[in-house]
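In the working numbering, the protein residues as written are 187 to 237.
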């Protein structure tokens, strides 16, 4: 069941990217967080405008 949830989140994120709702930086950051490899926070002083 866990993998089904991850799969759904990844596809939802990809759909938002294809619809130009999120940037490439946001796509990569979200995928990293979904996979459990990203930081706990989305704060990034270099890319704050992308959040």
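Think of the CB as a built atom: it goes at the ideal place given N, C-alpha and C, for glycine as much as any other residue. Note that the coordinates shown come from a computational prediction; the quantities given were computed from them, not determined experimentally.
So what's residue 191 in DSSP terms, helix, strand or just coil? Residue 191: helix per DSSP, three-state reduction.
Confirm, please, whether the CB-CB distance from residue 220 to residue 195 is below 7 Å. Closer than 7 Å, so yes.
Helix or strand or just coil, what does DSSP make of residue 220? In the structure shown, residue 220 sits in a helix (DSSP, three-state: H, G or I).
Among the residues of its own chain, which have a CB less than 7 Å from the CB of residue 202, if the five just before and after it don't count? Around residue 202: 208.
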